[in-house]
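Worksheet for the structure shown next.
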Amino acid sequence: MMVSSYFPEIERSPSEEIKKFQESKLHQQLLYLSANSKFYADLFERNKININSINFIEDLVHIPPTTKEDLQQRNEEFICVPKQSIIDYITTSGTLGDPVTFAMTDKDLDRLAYNEAISFTCADGSPSDIYQLMTTIDRRFMAGLAYFMGIRLMGAGVVRVGNGMPEFQWDTIRRINPSSIIAVPSFILKIIEYAEANKIDYLNSSIRKAVCIGEPLRNTDFSLNTLGRRITEKWPIKLYSTYASTEMGTSFTECGQGIGGHHHPELIIVEFLDENDQPVPESECGEVTITTLGVEGMPLLRFKTGDVCFRYTAPCKCGRTTMRLGPVIGRKNQMIKYKGTTLYPPSLYDILDNIDFISNYVVEVFTNEIGTDEILIHAGSKTPIFIKEKDIKDHFRAKLRVAPLIKFETDETIQRMQFPESTRKPIKFIDNRDKSKHN
Ligand SMILES: [Zn+2]
Numbered sequence: 065m066m067v068s069s070y071f072p073e074i075e076r077s078p079s080e081e082i083k084k085f086q087e088s089k090l091h092q093q094l095l096y097l098s099a100n101s102k103f104y105a106d107l108f109e110r111n112k113i114n115i116n117s118i119n120f121i122e123d124l125v126h127i128p129p130t131t132k133e134d135l136q137q138r139n140e141e142f143i144c145v146p147k148q149s150i151i152d153y154i155t156t157s158g159t160l161g162d163p164v165t166f167a168m169t170d171k172d173l174d175r176l177a178y179n180e181a182i183s184f185t186c187a188d189g190s191p192s193d194i195y196q197l198m199t200t201i202d203r204r205f206m207a208g209l210a211y212f213m214g215i216r217l218m219g220a221g222v223v224r225v226g227n228g229m230p231e232f233q234w235d236t237i238r239r240i241n242p243s244s245i246i247a248v249p250s251f252i253l254k255i256i257e258y259a260e261a262n263k264i265d266y267l268n269s270s271i272r273k274a275v276c277i278g279e280p281l282r283n284t285d286f287s288l289n290t291l292g293r294r295i296t297e298k299w300p301i302k303l304y305s306t307y308a309s310t311e312m313g314t315s316f317t318e319c320g321q322g323i324g325g326h327h328h329p330e331l332i333i334v335e336f337l338d339e340n341d342q343p344v345p346e347s348e349c350g351e352v353t354i355t356t357l358g359v360e361g362m363p364l365l366r367f368k369t370g371d372v373c374f375r376y377t378a379p380c381k382c383g384r385t386t387m388r389l390g391p392v393i394g395r396k397n398q399m400i401k402y403k404g405t406t407l408y409p410p411s412l413y414d415i416l417d418n419i420d421f422i423s424n425y426v427v428e429v430f431t432n433e434i435g436t437d438e439i440l441i442h443a444g445s446k447t448p449i450f451i452k453e454k455d456i457k458d459h460f461r462a463k464l465r466v467a468p469l470i471k472f473e474t475d476e477t478i479q480r481m482q483f484p485e486s487t488r489k490p491i492k493f494i495d496n497r498d499k500s501k502h503n
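Per the working numbering: the sequence shown = residues 65 to 503.
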């Protein structure tokens, strides 16, 4: 069998070799940062860090992690190159209001293209594929451009439709006959609905697979979550989940086995940290903390993504020996400690999405009189007469072993809670916890 040039040998190497390989790259990255990054040179100096003493991945724990607030407050100090070397400017939404700018050099764009070429290859892609891009390529985003460049590098075809416009999407599928779509999973549901409403024979279309971005598709046991199931029950195409962010400039993409996003050791180091920024053992989930490798414009060292995941290190049937990243189980700051169980809102959403008589909902967390987290589900229903509180609680007990408080509201009341003035994305989670009682 011919191995694709975008299936690098390091991804098939023993784990000790991958670690050594990463450590040599880490050394170069540290030298680069101390010479070119104002933020990191300052961080090393203030914390008396001798970068020559950071030789192993385990040594990284001696360097304080970088937070989203650092990126926002000291944005300029992260940029390692003169302005004339910057080609592409990208922004991400900051946590404190203003967006954070990312500067990409020519070499960074090549790195990004390479990342996508190896990621699409991992997701069973080949030069014979044609991808229909259902995400935007402009608007200061990284992803759409990265996909285009990666597909081009891999030698496959691409048709750039952009997001939305179901009619235009189907027209393109009919004309170009792409084999694959790149889309946000909830948008796939929308185009299925559109096809059904307009009698489009989508089951016999050319689409065989979808590279899914932005939303998780799987539960922690890798079975499809409600969203993933809703898509495949209607439209039996193969779904590949991916996880990526602008800060990482790297994707974790599933192979055909669908058991976690594969790590690309050439591009990024990943650590999993607990609440005190200490590494967690492999059996526990931790905050994904990344160090970019080979980035020129705005490299990051121990950047805390805020996403909590499990990791898996057993070799995969696809031939890769790299670590696999499980689905994001939640945001670090949304962790709920409830009756001895640690929960994240997405696990609650998944249950609520599965109860057909609940039409919409908002999950509220607050601090109760004994100072612990309490969960109150505001559930809306179109048929309030037949509300079955016990049924709902049973669903929760079956999945999570605990049942939250439930308050029934009308559909309209929930709608108003989800869309207070000037919000476009529905609010599903309200955190009313007394922060002084948490550390
Ligand atoms: Zn695999």
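Heads up, the beta-carbon is just placed ideally off N, CA and C, and yes, glycines get one too.
Less than 8 Å between C-beta atoms, sequence neighbours within five positions excluded: which residues of the same chain meet that for residue i?
i           : result
residue 349 : 336, 372, 373, 374, 390, 393
residue 479 : 424, 444
residue 162 : 136
residue 484 : 491
residue 452 : 421
residue 284 : 374, 390, 391, 393
residue 26  : No statement about residue 26 is possible, as the shown extent of the chain runs from 65 to 503 and does not include it.
Kindly list the residues whose CB is nearer than 6 Å to the CB of residue i, restricted to its own chain and excluding five residues on each side of it in sequence; keep chain order.
i           : result
residue 318 : 304, 305, 325
residue 276 : 249, 303, 305
residue 380 : 321
residue 257 : none
residue 226 : 200
residue 75  : 384, 386
residue 429 : 400, 437, 439, 495, 497
residue 261 : none
residue 144 : 100, 101
residue 68  : 185
residue 331 : 179, 314, 357
Counting only the same chain and skipping the five closest in sequence on each side, list residues whose C-beta sits under 7 Å from that of residue i.
i           : result
residue 505 : Residue 505 is absent from the model: the chain starts at 65 and stops at 503.
residue 466 : 402, 403, 405, 460
residue 270 : 237, 241, 242, 243
residue 382 : 319, 320, 321
residue 396 : 351, 370, 372
residue 107 : 128
residue 281 : 249, 288, 289, 291, 292, 303, 305
Name the one or two DSSP bridge partners that residue i has.
i           : result
residue 400 : 407
residue 293 : None; residue 293 has no bridge partner.
residue 145 : DSSP lists no partner for residue 145.
residue 88  : DSSP lists no partner for residue 88.
residue 309 : 314
residue 389 : 325, 375
residue 282 : 288
residue 127 : Residue 127 is not bridged to any residue.
residue 273 : 244, 302
residue 334 : 354
Check residue i in the structure and name its three-state DSSP category.
i           : result
residue 220 : coil
residue 139 : helix
residue 121 : helix
residue 340 : coil
residue 68  : coil
residue 483 : coil
residue 493 : strand
residue 477 : helix
residue 384 : coil
residue 443 : strand
residue 423 : coil
residue 326 : strand
residue 433 : coil
residue 416 : helix
residue 259 : helix
residue 265 : coil
residue 460 : helix
residue 152 : strand
residue 395 : strand
residue 371 : strand
residue 354 : strand
residue 301 : coil
residue 133 : helix
residue 48  : Residue 48 lies beyond the stretch modelled for the chain, which goes from 65 to 503, so this question has no answer here.
residue 504 : With the chain represented from 65 up to 503, any question about residue 504 goes unanswered, as that position is not in the structure.
residue 82  : helix
Neighbouring residues (CB closer than 5 Å to any heavy atom of ligand 1): 319, 321, 380, 382, 384
Runs of alpha helix (DSSP H) wholly within the region 172 to 254 (minimum 4 residues, chain order): 207 to 218, 230 to 240
Unbroken stretches of the alpha helix (DSSP H), 4 residues or longer, contained in the region 92 to 118: 102 to 110
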